[in-house]
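Following: one structure in C-alpha cells, then a few remarks.
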Amino acid sequence: MYKPSPKKGRRRWVSYRRILPPGLVHKVKSQVPSAHRQLVQLLITCVKDADTKESYLARVNRMMDSSSVSDEEREVLREIAHFIAGNLSFVKECLRGHESTRRISPI
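First residue of the sequence shown? That's 1 in my numbering, and the numbers climb one at a time after it.
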C-alpha cells in the first residue's frame, strides 16, 4: 500500500546563491564573514516591500547605516544591492515562485 511521506517544511527565504551571479556569490563567500551573511538574505527579503529601484536602495541604505559592518563588507553589500535593484522584477519573481506551493511543469 502506498503511504505518502510527510511534507517537508518550507524555507522562509531564498538562498542568495540562487539569485546572485557566480562572481558575487564568490565575493560574499570570500569577503563577508559567516556572521554577517544574514545581511545578504535581508537584502533579498527587502525586495518584497519595495515598489521601485529607488525605494529599495533607500531602504537598503537605512539598513546599512544601522548595521555594524566593516567598510570592505559594506562595499560588497552595496554592490549586491545595486545588482538586486537592477534586477528587481527577476528577484521578486524568484521570491514569488518560492512562496507558492505549485510547481511549474517544463514544456
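From the three backbone atoms N, C-alpha and C, an ideal C-beta is built for every residue, glycine too.
Predicted, not measured: the structure shown is a model, and the values here were computed from it.
A Cβ-Cβ contact shorter than 9 Å links leucine 42 with methionine 63.
Of the residues Pro21, Ile19, Pro22, Leu39, the one whose Cα lies closest to the Cα of arginine 74 is Leu39. Check the Cα spacing between histidine 26 and each of Val60, Glu79, Ala85, Phe90: the tightest is with Glu79.
No residue range can be given for asparagine 87, since it is assigned to no alpha helix (DSSP H) and is classified by DSSP as neither H nor E. At least 9 Å separates the beta-carbon of valine 32 from that of valine 91. Collapsing the DSSP output to three states places leucine 20 in coil.
A residue is called buried when at least 16 other Cβ atoms come within 10 angstroms of its Cβ; alanine 85 meets this threshold and is buried.
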